Amino acid sequence: MPTVTIPTSLESGHPGDAIRWAAEQFGTENLVVTASFEDAVLVHLAATAVPGIEVVLIDTQYLFAETQWLVDEMRKVVDLNLTVLHPKVQPDNLWQTDVEACCGVRKVEPLNRALVGKQGWVTGIRRVDGPTRANAPVAVFDPVRNLVKINPLASFTDEDLLTYEQVFELPVNPLRERGYPSIGCWPCTRPVAPGEDKRAGRWAGNAKTECGLHV
Numbered sequence: 023m024p025t026v027t028i029p030t031s032l033e034s035g036h037p038g039d040a041i042r043w044a045a046e047q048f049g050t051e052n053l054v055v056t057a058s059f060e061d062a063v064l065v066h067l068a069a070t071a072v073p074g075i076e077v078v079l080i081d082t083q084y085l086f087a088e089t090q091w092l093v094d095e096m097r098k099v100v101d102l103n104l105t106v107l108h109p110k111v112q113p114d115n116l117w118q119t120d121v122e123a124c125c126g127v128r129k130v131e132p133l134n135r136a137l138v139g140k141q142g143w144v145t146g147i148r149r150v151d152g153p154t155r156a157n158a159p160v161a162v163f164d165p166v167r168n169l170v171k172i173n174p175l176a177s178f179t180d181e182d183l184l185t186y187e188q189v190f191e192l193p194v195n196p197l198r199e200r201g202y203p204s205i206g207c208w209p210c211t212r213p214v215a216p217g218e219d220k221r222a223g224r225w226a227g228n229a230k231t232e233c234g235l236h237v
């Protein structure tokens with residue numbers, strides 16, 4: 023893709039500014055938002071900052087029912103241009119024997135399809151989500167995928183997220199109140215005990231800490 027100069031002002035600006043900048047830079051047809059619907063903030067932010075922006079949900083076939091509920095609720099809140107991508111495999115038990123391969127076919131491969139032809143990718147990465155994300159910039163060129171990755175919520179704390187939800191009266195994933203601060207697929211996500219890292223419930227018992235979408 024052509025050389026893109028990323029303004030340093032995005033680091034201190036409003037999260038919506040980063041999405042608007044990307045839409046102006048690349049055009050909405052070359053920009054995509056991927057959302058897990060762990061919460062509603064990224065989706066609401068993107069759909070209000072750039073109406074009509076494409077939001078992609080990767081339905082791994084193992085999403086919690088509560089996550090699907092949040093998708094339906096958000097359709098009532100904002101006008102979503104939502105694309106749901108499915109894996110090219112049928113439901114199986116691969117998660118029981120090889121979580122890395124399972125994420126590969128159910129998350130990474132659909133993401134690769136979502137990003138074909140795109141120049142900008144908007145994600146919900148936040149620095150507080152763990153050590154592998156602690157230095158995430160608001161916008162950065164991704165040489166592996168040859169596009170600009172925009173993380174508008176990078177600086178958002180958990181308190182910021184909660185405040186945003188309250189201000190805009192957004193629906194909340196019911197799993198949060200049941201001890202799930204980080205939500206993925208139901209076979210590989212458990213509640214987190216008091217004092218544990220917020221992502222401790224993801225792939226518990228494995229050395230794995232990322233699904234592969236952001237590495």
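Plus 22 on top of the position in the sequence shown (first one is 1) and you've got this note's numbering. Idealized CB from N, CA, C, for every residue including glycine. Being a predicted model, the structure only gives us computed values, none of them experimental.
Asked: State whether the segment 103 to 111 contacts the segment 75 to 91, with contact taken as three or more CB pairs (one from each stretch) at a distance under 8 Å.; Found: yes
Asked: With burial defined as no fewer than 16 other Cβ atoms inside 10 Å of the residue's Cβ, what is the status of Q11: buried or exposed?; Found: This structure cannot speak to residue 11, because the chain is shown only from 23 to 237.
Asked: According to the Cβ coordinates, are V194 and A62 closer than 9 Å?; Found: yes
Asked: Based on DSSP bridge pairs, tell me the residues matched to L53.; Found: G142
Asked: Please return the same chain residues whose Cβ sits closer than 6 Å to the Cβ of A156, not counting the five positions on each side in sequence.; Found: R149
Asked: Mind pulling the beta strand (DSSP E) runs of 3 or more residues that sit fully within the segment 182 to 216?; Found: none
Asked: Quick one: what does DSSP say I41 is sitting in, helix, strand or coil?; Found: helix
Asked: In the DSSP assignment, what are the bridge partners of I28?; Found: Answer is none; I28 lacks a bridge partner.
Asked: Grouping DSSP H, G and I as helix and E and B as strand, with all else coil, what is A136?; Found: helix
Asked: Cα separation between L192 and V99?; Found: 8 Å
Asked: Just how far apart, CA to CA, sit V72 and G146?; Found: 16 Å
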